[in-house]
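**Student:** Take a look at this one; I'll ask things after.
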Amino acid sequence: MSSLEQARTDLPARPFIDYRDGQLMVEGVSAAELARAHGTPLFVYSQAVMLDALAAYQRGFAGRQALICYAMKANSTLAVLRTFVQAGCGLDIVSGGELERALRAGVEPAKVIFSGVGKTRAEMRLALEAGIGCFNVESLPELDVLSEVAADMGLRAPVSLRVNPDVDAKTHPYISTGLKGNKFGIAHTDALAAYRHAAALPGLKVTGIDCHIGSQITETSPYLDAMDRVLDLVDAIEAGGITLEHIDFGGGLGINYHGETPPAADALWQLLLAKLDARGYGQRKLVIEPGRSLIGNAGICLTEAVFLKPGEQKNFLIVDAAMNDLPRPAMYEAYHAIVPVQPREANGEIQSWDVVGPVCESGDWLGRDRQLAVQAGDLLAVCSAGAYCMSMSSNYNSRGRAAEVLVDGDQARLVRARESVEDQLRLESI
Ligand code: LLP
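Last residue of the sequence shown: number 809 in the working numbering, and the count goes up by one each step with no gaps.
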């Protein structure tokens with residue numbers, strides 16, 4: 380296989396992110412041109428991939444009452460938010476900072492849902508003032524405090540209780556959230572009592588039920604199991620006289636990083652909707668909170684090879700992106716495909732490399748044992764970098780955050796400038 384053929388098989392977002400005339404293109408724009416114009420490391424997002432991923436959900440929900448709330452923790456860049464908001468999405472937020480971003484991106488407040496186990500009173504107040512659609516509440520103390528805050532403001536907070544269905548999402552333990560041992564949600568066995576408690580509080584209006592079992596889920600069965608568990612509760616809650624306007628099934632659908640084959644969103648929802656119909660809830664308002672599956676494969680991170688450092692045991696390819704830009708390999712041993720932007724012709728040069736960054740930690744690696752024909756100065760693209768990369772980036776080693784570009788057809792817009800040292804120092808004093 381030639382170097383180009385090999386690289387093509389590694390690309391998860393073809394045909395939108397693909398090679399043309401030996402050059403990696405993001406839609407109609409050359410990745411090398413973008414790197415030249417804006418420097419590296421550089422995140423580049425394809426709007427077509429984002430909208431294509433969203434369209435699969437929209438097809439799946441055709442004819443239903445459904446609100447897709449993009450989980451903005453996956454990538455909270457304003458231009459990314461605006462793309463989804465303009466396409467009709469609501470947003471799932473988890474902090475006051477995300478609320479502010481959501482509002483600046485122009486979301487209708489009624490389409491915002493607020494998740495998370497540790498909302499502060501100040502955050503609750505901000506969200507109530509904004510008039511968000513629903514608080515997904517995760518504990519009894521949170522119910523009490525939210526009721527108090529809302530009642531003080533003369534309001535009733537719309538709430539949905541996040542229940543923990545105790546199903547195994549079969550994913551990485553750090554991103555599995557629906558098991559008994561996780562910090563998330565109200566235990567299935569306690570949920571009915573929690574609903575009675577919520578319904579009696581003066582500052583709350585119970586509107587729904589919510590669950591989220593984990594992330595990067597690549598199988599259908601955990602979703603089907605969780606739905607059964609949640610619907611059992613809906614049966615019991617409504618039998619007790621509390622009506623639920625909506626059911627929120629969370630996010631979590633996985634993407635192809637390295638040959639994974641998660642169900643397509645429309646295929647998954649065909650199965651889930653059949654179950655909902657069979658159990659008599661097919662016409663209920665539905666909410667979902669997908670993050671990764673909407674943006675993950677829309678992004679790549681362009682990086683330049685700084686030095687080649689062949690060694691006795693390992694060959695290291697040192698690039699200018701690092702764990703502060705792309706923390707997922709260091710945190711979860713996650714795999715991201717790494718491909719050359721302009722594959723070299725001479726296949727004899729293919730060697731095995733550990734692709735690493737300049738940060739002073741052995742954990743600072745982006746890919747291990749990658750087969751690449753590469754020389755110093757070459758550009759590489761780290762794939763599937765749309766979700767949980769920029770939003771989890773840091774200034775570790777006083778490295779500025781990367782710049783970001785959004786591509787639409789043959790147009791490219793710089794949507795976040797590279798962070799300078801001055802930007803980093805602005806809030807400090809001696
Ligand atoms: N809703 C709630 C309540 C969540 O906690 C999450 C993700 C989502 C929705 C969106 O899940 P998604 O569709 O993106 O899987 N940093 C990790 C992933 C953490 C996910 C946290 N919660 C990673 O890079 O793999």
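Glycine included, C-beta positions come from ideal geometry on N, C-alpha and C.
Computed from a predicted structure; not experimentally measured.
Suppose you measure from the CA of I588 to the CA of S425; what does that come to, to the nearest Å?
**Tutor:** Position 209 of the sequence shown holds residue 588. Position 46 of the sequence shown holds residue 425. I588 and S425: Cα-Cα distance of roughly 34 Å.
**Student:** DSSP on G475, reduced to helix/strand/coil?
**Tutor:** Within the sequence shown, numbered from 1, the residue matching residue 475 stands at position 96. Three-state DSSP puts G475 in a helix.
**Student:** Assuming contact is defined by CB atoms lying nearer than 9 Å, are Y574 and I626 in contact in what I supplied?
**Tutor:** Reading the sequence shown from its first residue, position 195 is the one you call residue 574. Reading the sequence shown from its first residue, position 247 is the one you call residue 626. Not in contact: Y574 and I626 (Cβ atoms no closer than 9 Å).
**Student:** Which ranges does the alpha helix (DSSP H) cover as unbroken runs of at least 4 residues, wholly within the segment 413-452, from first to last along the chain?
**Tutor:** Fully enclosed alpha helix (DSSP H) runs of 4 or longer: 426-439.
**Student:** Between V685 and H715, which are expected to be in contact by the criterion C-beta below 8 Å, what is the C-beta distance as a whole number of angstroms?
**Tutor:** Position 306 of the sequence shown, counting from 1, holds the residue named residue 685. Position 336 of the sequence shown, counting from 1, holds the residue named residue 715. With a Cβ gap of about 18 Å, V685 and H715 do not count as contacting.
**Student:** Under a three-way DSSP split, which group does G742 fall into?
**Tutor:** By 1-based counting over the sequence shown, the position of residue 742 is 363. DSSP places G742 in coil when its eight states are reduced to three.
**Student:** What does N774 pair with, by DSSP beta-bridge criteria?
**Tutor:** Locating residue 774 in the sequence shown gives position 395, where the first residue counts as 1. N774 is not bridged to any residue.
**Student:** Run the CB neighbour count on T568, radius 10 Å, all protein chains shown included, and call it buried at 16 or more, exposed below.
**Tutor:** For the purposes of this step, residue 568 is taken as residue 189 along the sequence shown, with counting starting at 1. Label assigned to T568: exposed.
**Student:** How close, in whole Å, do the beta carbons of V609 and L696 come, if the pair is a contact with beta carbons under 8 Å?
**Tutor:** Position 230 of the sequence shown, counting from 1, holds the residue named residue 609. Position 317 of the sequence shown, counting from 1, holds the residue named residue 696. Going by Cβ atoms, the distance from V609 to L696 rounds to 47 Å, so no, they are not a contact pair.
**Student:** Using DSSP with H/G/I as helix, E/B as strand and the rest coil, what is P537?
**Tutor:** By one-based count along the sequence shown, residue 537 stands at place 158. In this structure, P537 counts as strand in the three-state DSSP scheme.
**Student:** Report the partner residues of C680 according to the DSSP bridge assignment.
**Tutor:** Here residue 680 refers to the residue found at position 301 when the sequence shown is read from its first residue. Answer is F422, V761, bridged to C680.
**Student:** Could you pull the start and end residues of the beta strand (DSSP E) that I626 belongs to?
**Tutor:** In the sequence shown, counting from the first residue as 1, residue 626 sits at position 247. From DSSP, the beta strand (DSSP E) with I626 extends over 625-627.
**Student:** When you compare only the Cα positions, how much space is there between A434 and K693?
**Tutor:** If you number the sequence shown from 1, residue 434 lands on position 55. If you number the sequence shown from 1, residue 693 lands on position 314. The straight-line gap from Cα to Cα measures roughly 43 Å.
**Student:** Are the beta-carbon atoms of A509 and L525 separated by less than 9 Å?
**Tutor:** The residue labelled residue 509 in the question sits at position 130 within the sequence shown. The residue labelled residue 525 in the question sits at position 146 within the sequence shown. Not in contact: A509 and L525 (Cβ atoms no closer than 9 Å).
**Student:** Does DSSP put Q385 in a helix, in a strand, or in coil?
**Tutor:** Locating residue 385 in the sequence shown gives position 6, counting from the first residue. If DSSP states are grouped into helix, strand and coil, Q385 belongs with the helices.
**Student:** Name the two residues that bound the continuous alpha helix (DSSP H) containing R393.
**Tutor:** In the sequence shown, the residue the question calls residue 393 occupies position 14. It is not in any alpha helix (DSSP H) - R393 carries neither H nor E in the DSSP assignment.
**Student:** Could you check the C-alpha separation between M769 and A579 for me, to the nearest Å?
**Tutor:** Numbered from 1 along the sequence shown, position 390 holds the residue referred to as residue 769. Numbered from 1 along the sequence shown, position 200 holds the residue referred to as residue 579. Their Cα atoms are separated by approximately 42 Å.
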